[in-house]
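Only one structure is covered here, and it is reproduced in the block below.
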């Protein structure tokens, strides 16, 4: 693990990504200190350009865009991390069971996985949120529901290849239970690839969340980047700053996450190391 | 003295910084003569393969490169030769064959097309002339039905046939030098003997010079005119085969030759009259062909019956595909069987459920072939060894104490406990694997090719360890191997397997002096270096 960390630190782009994410995390942590007021509160005159009293200007209702972005960051990260975590748990469970037991179990589970993969992700997420009514938790459920198949397929593949390895057979030969083999030997051995792919999933989840919020399917009581853009799109030509700054926030966050994800992938995946 | 084809002058190949030594090989001087086979022998990590690659300019640059020295071929130094000149030389003037013919051939092209391509690149021959030449070569390597072979894809041929095709390809342009990098290591002994014979025959016919890379002194004895011994990058001894094998001067060469398992009459052992501890009765196992579309069926075990007595070592000898590993896994119940019975102390455990098997697991343990794949890379050695006892309800602290004691028993330092498997060499890892098997205090130890992935010097140590432990702990052992020499050394009785059946079982001495089955005789005849060792023994 330490060697992996050193390899990660040698990758400049990955370090840049990590720095961006760190700034974002600090922003989220200190938001209540910097902007103690509710982001939905009217702070001043509407459509103030950036500069002036408000760093990033105000929106059509006179809300401070900088405060909105700070609070939106919390939403984005919560939903991104929550949905990814849910997808990993569910995907690893399905893929692990399929890859370990093989046979009919595998056939059934992988057909279900493929079924989920064939539905266009965004439309499916829209549908789920529409059914569950918009809220943070239903967004997490919807995004997890469209993200888990990729994890399931990855874990299944790793389990199939690990299952034939002699150390797993040796463990079975010692009389170990299925649970012991799966949790003590197989999962730790595919953890690095799951971490790498999972980190990329966070970026996708944040994009999905912004898209849902843009279409008005975000939680109406929680500030989010998609919501700001959605509110500002009517005045895009007269007040460019409303859409631009949350857009940049999304861009930087997703870019940072992808760079970190690539860095992790390279550092932890032995097949890519010798490049 | 015949003409010099290639000369290495103080060849030094640099390794990337951080490798275990600065140079893969240093100051290697070697002369290859026309019509002679020169064997470059060394253990894994000695740098022998890199020497071969450096001649063809195929080093994995920029990490590994020639630091100094010259490679003289046709009066030209290949080290500084431009890449387009090297392309002309490769294939046309210097041919190469590799260890694994499956990966060296393109799986998507037919054998004929791949051979034809060589001619198309290097010669102005027309289509018909090329085809004639290809057929001629296929015939000269004694592949049956050349017309069919050139239309076949690599996967449709057996390992030996693929290696023959590779040799045909290497010889297409009548090269003056043939480099063979462990060309028979991946093959069965009987196939290996045929391929060695073929290389010798073709080399004599064409007067080709051959550089033969190997780790096996038996192979050296069979094929070489001259030998060069490489120890960790230094050429420690060279000379004619008779001189080096007959009267080695360097201590390393002496040690290597001493470590080679000998094809010598085993010491007579008292007959074992103890009761049977493991019996296999008509065990059958078939692979494949269950899906919707059927497919090919492989009968791995076709009703195998064998018995292991208490305190005995039974050798299970056979070539790849004979079913010996399948039988080992069936007996340890790592693989379900289709029919028959497996008796442990008279109780049939073949149909036991997992719950019923748990107490059985303690009594029968397995040592695996591949010391790199058989240990969990994410666990510390102490946890690997202690895992079995912990599973069976021993308190973890006590299990770890016992595991530490076991490290001493298998000859490892106590400091090994806290390290990870990747920090150990192959032989050390195999010791860890043995300690793991012993941790449960088994009565039966099933060893599946425990030394075939190891260098000969390490092989001897691990075999000695197994024999010592077996005697000390009164174990019964089932020893699976493809190497008759090893089996003769460690086993009380030997069962020879072929195509899923046991064709002959007899006490070791009996099977050595008086093999009954024709296949057993063929196996003995194919042992590399057999005649050399006969001479030594007499």
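Chains as they are written, first to last, in my numbering: chain A, 17 to 291; chain B, -6 to 531.
Glycine is no exception: its CB is placed at the ideal position from the N, C-alpha and C atoms.
All figures in this text were calculated on a predicted structure; none of them were measured in a lab.
Quick check on DSSP: helix, strand or coil for residue 328 of chain B? Shown here, residue 328 of chain B sits in coil according to DSSP, grouped into three states, outside any helix or strand.
Compute the Euclidean distance between the alpha carbons of residue 402 of chain B and residue 7 of chain B, then round it to the nearest angstrom. Their Cα atoms are separated by approximately 39 Å.
Whole alpha helix (DSSP H) elements within the stretch 16 to 64 of chain B, 4-residue minimum: As far as the stretch 16 to 64 of chain B is concerned, its whole alpha helix (DSSP H) runs of at least 4 residues are 41 to 48.
Beta-carbon proximity check, residue 532 of chain B vs residue 309 of chain B, cutoff 8 Å: Nothing can be reported for residue 532 of chain B: it is not among the residues displayed for chain B, which extend from -6 to 531.
Of all the CB atoms in chain B, is at least one closer than 8 Å to the CB of residue 189 of chain A? Residue 189 of chain A counts as touching chain B.
Starting from residue 376 of chain B and walking both ways along the beta strand (DSSP E), at which residues does that stretch end? Boundaries for residue 376 of chain B: no beta strand (DSSP E) harbours it, while the alpha helix (DSSP H) harbouring it runs 374 to 384, taken from the DSSP string.
Comparing C-alpha positions only, which one of A/220, A/65 and A/79 sits nearest to residue 137 of chain A? Among A/220, A/65 and A/79, the Cα nearest to that of residue 137 of chain A is on A/220.
Mind reading off the beta-carbon distance from residue 189 of chain B to residue 212 of chain B? Whole number of angstroms is fine, and I expect it under 8 Å. 7 Å between Cβ atoms; contact.
Whose CA, out of B/486, B/451, B/463 and B/447, lies closest to the CA of residue 178 of chain B? For residue 178 of chain B, the closest alpha carbon among the candidates B/486, B/451, B/463 and B/447 is that of B/447.
In the DSSP assignment, the alpha helix (DSSP H) including residue 308 of chain B goes from what residue to what residue? Element bounds for residue 308 of chain B: not the alpha helix (DSSP H) but the beta strand (DSSP E), 306 to 310.
Own chain residues within Cβ distance below 6 Å of residue 100 of chain A, not counting five before or after: Scanning its chain for C-beta atoms nearer than 6 Å, with the 5 sequence neighbours on each side dropped, one finds around residue 100 of chain A the residues 214, 217, 218 and 221, in chain order.
Would you kindly work out how many angstroms separate the C-alpha atoms of residue 386 of chain B and residue 145 of chain A, rounded to a whole number? Roughly 49 Å between the two C-alpha positions.
Between residue 291 of chain B and chain A, is the shortest Cβ-Cβ distance under 8 Å, so that the two count as touching? No, no contact with chain A.
Report yes if the C-beta distance between residue 32 of chain A and residue 283 of chain A is below 8 Å; otherwise report no. In this structure, residue 283 of chain A does not lie closer than 8 Å to residue 32 of chain A by Cβ.
By a C-beta neighbour count over all protein chains shown, 10 Å radius and 16 as the cutoff for buried, is residue 186 of chain A buried or exposed? Residue 186 of chain A should be labelled buried.
If you measure from the beta carbon of residue 205 of chain A to each beta carbon in chain B, is any gap under 8 Å? Using a CB distance cut-off of 8 Å, residue 205 of chain A counts as an interface residue toward chain B.
Going along the stretch 358 to 371 of chain B in order, which residues come within less than 8 Å of chain A, judged by CB to CB distance? Within the stretch 358 to 371 of chain B, 358, 359, 361, 362, 363, 366, 367, 368, 369, 370 and 371 place their CB atoms closer than 8 Å to a CB of chain A, listed in sequence order.
Can you tell me whether residue 164 of chain A is buried or exposed, with buried defined as 16 or more other CB within 10 angstroms of its CB? Buried is the call here.
Let me make sure I understand the geometry here. Which of B/55, B/27 and B/495 has the alpha-carbon closest to that of residue 316 of chain B? When C-alpha distances from residue 316 of chain B are compared across B/55, B/27 and B/495, the shortest belongs to B/495.
Pull out every residue of the stretch 20 to 34 of chain A whose Cβ sits closer than 9 Å to any Cβ of chain B, in chain order. Here the close residues number zero.
When we look at the beta-carbon of residue 29 of chain A and count the other beta-carbons within 10 Å, is it buried (16 or more) or exposed? Flag for residue 29 of chain A reads exposed.
Pull out every residue of the stretch 374 to 408 of chain B whose Cβ sits closer than 8 Å to any Cβ of chain A, in chain order. From the stretch 374 to 408 of chain B, only 380, 381, 384 and 385 have a Cβ closer than 8 Å to chain A.
Classify residue 29 of chain B as buried or exposed, calling it buried when 16 or more other Cβ atoms lie within 10 Å of its own Cβ. The C-beta of residue 29 of chain B has 16 or more other C-beta atoms within 10 Å across all chains shown, which makes the residue buried.
So residue 269 of chain A is in the beta strand (DSSP E); what residue range does that whole segment cover? It is not in any beta strand (DSSP E) - residue 269 of chain A instead sits in the alpha helix (DSSP H) that spans 256 to 284.
When the distance is taken between beta carbons, is residue 302 of chain B closer than 8 Å to residue 265 of chain B? Taking 8 Å as the Cβ cut-off, residue 265 of chain B and residue 302 of chain B qualify as a contacting pair.
For residue 199 of chain A, count neighbouring C-beta atoms within 10 Å of its own C-beta (all shown protein chains included) and say buried if the count is 16 or more, exposed if not. Exposed is the label assigned to residue 199 of chain A, since fewer than 16 other Cβ atoms lie within 10 Å of its Cβ.
Please give the ranges of any beta strand (DSSP E) in the stretch 73 to 125 of chain B, keeping only runs that are unbroken, at least 3 residues long and fully inside the region. Whole beta strand (DSSP E) segments, 3+ residues: 87 to 90.
Thinking residue 234 of chain A and residue 171 of chain A are a contact (beta carbons under 8 Å), I'd like their distance in whole angstroms, please. The pair is not a contact, with the Cβ atoms about 30 Å apart (cut-off 8 Å).
Hey, could you find the ends of the alpha helix (DSSP H) residue 160 of chain A is sitting in? It spans 152 to 179 - the alpha helix (DSSP H) in which residue 160 of chain A sits, taken as one unbroken run.
Look up residue 291 of chain B in the DSSP assignment and say whether it is helix, strand or coil. The answer is strand: DSSP assigns residue 291 of chain B an E or B state.
Closest by C-alpha distance to residue 172 of chain B, when choosing among B/78, B/384, B/503 and B/83: Of the listed residues, the one whose Cα sits closest to residue 172 of chain B is B/83.
Leaving out the 5 sequence neighbours to the left and right, which residues in its chain are closer than 8 Å to residue 514 of chain B when beta-carbon positions are compared? 508.
Residues that DSSP places opposite residue 202 of chain B in a beta bridge: For residue 202 of chain B, the beta-bridge partners assigned by DSSP are B/170.
Taking a cut of 9 Å between CB atoms, which residues from the stretch 302 to 327 of chain B lie near chain A? Cβ contacts with chain A: 322, 325, 326 and 327.
Indicate the three-state DSSP secondary structure (helix, strand or coil) for residue 362 of chain B in the structure shown. Residue 362 of chain B falls in the coil class under three-state DSSP.
If the criterion is Cβ atoms closer than 8 Å, does the pair residue 430 of chain B and residue 382 of chain B meet it? No; because the gap between Cβ atoms is not below 8 Å, this pair is not in contact.
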